[in-house]
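Novice: FYI, the numbering for the sequence shown is 0 to 194, going by numbering that gives the first Met the number 0.
Note that the Cβ used here is the ideal one computed from N, Cα and C, for glycine as well.
Quantities reported herein were computed from a predicted structural model and do not represent experimental measurements.
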Amino acid sequence: MNLHTDLINYIAKKIGAKSYLEIGVFNPDHNFNKVEIENKIGVDPDPNAKASLCISSDEYFKTFLKFPIKFDVVFIDGLHYKDQVRKDAENAWFMLNDGGVIIFHDCNPPTKQTTCIPRGAQREWCGDVYKTICKIISYKFTVDFDYGCTVLHKNGEDLEFTEQDIEWEEFDAFRKEALNLVSIEEAKKIIDSWM
């Protein structure tokens, strides 16, 4: 396991996932087409992404929250702005089956330069996703690979946030604790314990 796709497929197999929602497709060959779940929906407003639905996540949730559609796995890799990530998380949680999982990408930025808002000309960009992840007080863990993949398992708890902001210097000094960083092997043990 060395990419977020591997993590998604590992979790999907462990929980017997049948439905999948991807927020932020970019290119379906990078992740979406490799996800081994039977029923998949990809949402991305960029027509070049060739997503199932060419709309923003806000439009998707506004339209479909009122329908009884639920997902086993949701992957959030859309607009990397903290406020948008929080909205996507809250909406996805509502549409998540009990026992389901949300996975966030780009949660452990390697440098301050990769967190700029708006995105600069650099190739690597995580935005300020980490700020939202650090506000989640519900149990979470972040796999320390592929720019950090945070996992939330819906197991009877509500999704809760603190309103306290974290800035880069504090995050950088305490990222292990703030993200609950775990190795790939530790992540597998946690996921295996769900069954």
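#1: With the cut-off set at 8 Å, would you say I36 and K65 are in Cβ contact?
#2: Thinking just about the alpha-carbon of each residue, which of D191, I183 and I189 is nearest to the one in M0?
#3: Can you tell which of M94, A50, R85 and K86 has its C-alpha closest to the C-alpha of P67?
#4: On a CA-only basis, which of D105, F74 and H104 is nearest N90? Give me that one, please.
#5: Taking the continuous alpha helix (DSSP H) assigned at C133, which residues delimit it?
#6: Assign D5 to one of three DSSP states: helix, strand, or coil.
#7: Evaluate contact between the segment 102 to 111 and the segment 145 to 162, counting only Cβ atoms and requiring at least three cross-stretch pairs below 8 Å.
#8: Taking just the CA atoms, how far does G23 sit from Q83?
#9: Tell me the residue span of the beta strand (DSSP E) that contains F60.
#10: Looking at C-alpha atoms only, which residue of F70, V72 and D43 is the closest neighbour of Y59?
Specialist: For this structure:
#1: Taking the first residue of the sequence shown as position 1, residue 36 is located at position 37. Taking the first residue of the sequence shown as position 1, residue 65 is located at position 66. For I36 and K65, no; Cβs fall outside 8 Å.
#2: What you label residue 0 is simply residue 1 of the sequence shown in a count that begins at 1. Residue I183 is the option with its Cα nearest to M0.
#3: Counting from one through the sequence shown, the residue named residue 67 turns up at place 68. That would be M94, whose Cα lies nearest to the Cα of P67.
#4: Here the question's residue 90 lines up with position 91 in the sequence shown. Of the candidates D105, F74 and H104, the one whose C-alpha sits nearest the C-alpha of N90 is F74.
#5: Here residue 133 refers to the residue found at position 134 when the sequence shown is read from its first residue. It spans V128 to K134 - the alpha helix (DSSP H) in which C133 sits, taken as one unbroken run.
#6: The residue labelled residue 5 in the question sits at position 6 within the sequence shown. Helix.
#7: yes
#8: Walking along the sequence shown from the start, residue 83 turns up at place 84. Walking along the sequence shown from the start, residue 23 turns up at place 24. Rounded to whole angstroms, the gap between the alpha carbons of Q83 and G23 is 12 Å.
#9: Residue 60 sits at position 61 when you count from the first residue of the sequence shown. No beta strand (DSSP E) contains F60, which is instead part of the alpha helix (DSSP H) from S56 to F63.
#10: Taking the first residue of the sequence shown as position 1, residue 59 is located at position 60. When each option's Cα is compared against that of Y59, the closest is D43.
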